[in-house]
Amino acid sequence: MSAVVYSDQDKTTLITHTVVALNSQGSGTTTTFVIIDGWVVTVASIGDFLCILESAEGSVHFLSAHHRLEVNEDEVKHVITSGVRVRRLNTVGGAERLST
(Lines of atoms letter the chains of each structure in order from A; the text may use other names.)
(Lines give C-alpha, C1' and ligand atoms only; values in the text may rest on other atoms or scores of the structure.)
Protein backbone atom coordinates (compact mmCIF):
# COMPACT_ATOMS: atom_id res chain seq x y z
CA MET A 1 0.00 0.00 0.00
CA SER A 2 1.33 3.46 -0.79
CA ALA A 3 0.11 7.03 -0.54
CA VAL A 4 1.71 10.17 -1.92
CA VAL A 5 0.88 13.80 -1.19
CA TYR A 6 2.51 16.47 -3.35
CA SER A 7 2.04 20.21 -3.03
CA ASP A 8 3.68 22.86 -5.18
CA GLN A 9 3.83 26.65 -4.93
CA ASP A 10 0.55 26.98 -6.84
CA LYS A 11 -1.30 25.09 -4.08
CA THR A 12 -2.10 22.18 -6.37
CA THR A 13 -2.18 18.91 -4.48
CA LEU A 14 -2.05 15.42 -5.93
CA ILE A 15 -2.97 12.53 -3.68
CA THR A 16 -2.63 8.95 -4.88
CA HIS A 17 -3.45 5.72 -3.13
CA THR A 18 -2.50 2.38 -4.68
CA VAL A 19 -2.92 -1.12 -3.35
CA VAL A 20 -1.49 -4.13 -5.15
CA ALA A 21 -2.42 -7.58 -3.89
CA LEU A 22 -0.19 -10.27 -5.38
CA ASN A 23 0.02 -14.02 -4.88
CA SER A 24 -3.54 -14.19 -3.63
CA GLN A 25 -6.60 -15.78 -5.19
CA GLY A 26 -8.87 -13.08 -6.56
CA SER A 27 -6.19 -10.46 -6.09
CA GLY A 28 -5.95 -7.25 -8.07
CA THR A 29 -4.94 -3.63 -8.07
CA THR A 30 -6.86 -0.54 -7.01
CA THR A 31 -5.87 3.08 -7.51
CA THR A 32 -7.44 6.38 -6.53
CA PHE A 33 -6.12 9.75 -7.71
CA VAL A 34 -7.27 13.05 -6.25
CA ILE A 35 -6.11 16.39 -7.64
CA ILE A 36 -7.02 19.48 -5.63
CA ASP A 37 -6.46 22.76 -7.47
CA GLY A 38 -7.89 25.63 -5.45
CA TRP A 39 -11.62 24.93 -5.21
CA VAL A 40 -11.58 22.27 -7.95
CA VAL A 41 -11.30 18.61 -6.90
CA THR A 42 -10.76 15.94 -9.58
CA VAL A 43 -11.05 12.25 -8.68
CA ALA A 44 -10.19 9.14 -10.72
CA SER A 45 -10.76 5.75 -9.16
CA ILE A 46 -10.19 2.21 -10.43
CA GLY A 47 -11.06 -0.75 -8.26
CA ASP A 48 -13.22 -1.16 -5.20
CA PHE A 49 -11.98 1.67 -2.98
CA LEU A 50 -14.21 4.65 -2.28
CA CYS A 51 -12.95 8.22 -2.14
CA ILE A 52 -14.65 10.14 0.66
CA LEU A 53 -14.21 13.82 1.53
CA GLU A 54 -14.97 15.11 5.01
CA SER A 55 -15.53 18.86 5.11
CA ALA A 56 -14.25 21.13 7.86
CA GLU A 57 -17.83 21.22 9.17
CA GLY A 58 -17.93 17.42 9.41
CA SER A 59 -20.19 16.60 6.46
CA VAL A 60 -19.21 13.60 4.34
CA HIS A 61 -19.21 13.55 0.52
CA PHE A 62 -18.63 10.45 -1.62
CA LEU A 63 -16.37 11.45 -4.52
CA SER A 64 -16.34 8.06 -6.23
CA ALA A 65 -18.71 5.12 -6.65
CA HIS A 66 -18.47 1.39 -6.07
CA HIS A 67 -17.33 -0.44 -9.21
CA ARG A 68 -17.96 -3.86 -7.65
CA LEU A 69 -20.62 -5.68 -9.63
CA GLU A 70 -22.28 -7.04 -6.48
CA VAL A 71 -23.25 -3.55 -5.30
CA ASN A 72 -23.58 -1.39 -8.44
CA GLU A 73 -26.40 -2.19 -10.88
CA ASP A 74 -25.36 0.68 -13.17
CA GLU A 75 -21.88 -0.84 -13.48
CA VAL A 76 -23.39 -4.23 -14.40
CA LYS A 77 -25.55 -2.57 -17.10
CA HIS A 78 -22.51 -0.66 -18.41
CA VAL A 79 -20.42 -3.84 -18.61
CA ILE A 80 -23.19 -5.88 -20.28
CA THR A 81 -23.84 -3.07 -22.80
CA SER A 82 -20.14 -3.23 -23.66
CA GLY A 83 -20.61 -6.85 -24.79
CA VAL A 84 -19.19 -8.64 -21.76
CA ARG A 85 -21.02 -11.52 -20.08
CA VAL A 86 -21.39 -11.33 -16.28
CA ARG A 87 -21.52 -14.62 -14.37
CA ARG A 88 -20.88 -15.91 -10.87
CA LEU A 89 -17.92 -18.23 -10.30
CA ASN A 90 -18.72 -21.61 -8.85
CA THR A 91 -17.05 -20.87 -5.50
CA VAL A 92 -18.50 -20.36 -2.05
CA GLY A 93 -19.24 -16.66 -1.77
CA GLY A 94 -17.49 -16.06 -5.10
CA ALA A 95 -17.74 -12.60 -6.59
CA GLU A 96 -19.21 -12.02 -10.03
CA ARG A 97 -16.64 -12.29 -12.79
CA LEU A 98 -16.47 -11.00 -16.35
CA SER A 99 -15.89 -13.04 -19.50
CA THR A 100 -16.03 -12.31 -23.21
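Residue numbers for the sequence shown follow full-length UniProt numbering, beginning at 1 and rising by one.
Even for Gly, the Cβ is constructed at its ideal location relative to N, Cα and C.
Query	Result
Contact set for L53: own chain, Cβ-Cβ below 6 Å, skip 5 residues either direction	H61 and L63
Buried versus exposed call for R85 [16 or more other C-beta atoms within 10 Å across all chains shown]	exposed
Straight-line Cα distance separating G83 from E57	44 Å
Range of the contiguous alpha helix (DSSP H) that encloses E75	E73 to T81
For E54, the three-state DSSP class (helix, strand or coil)	strand
S55, buried or exposed, once every other Cβ within 10 Å from all chains shown has been counted against 16	exposed
Reduced DSSP category for V84 - H, G, I as helix; E, B as strand; rest coil	coil
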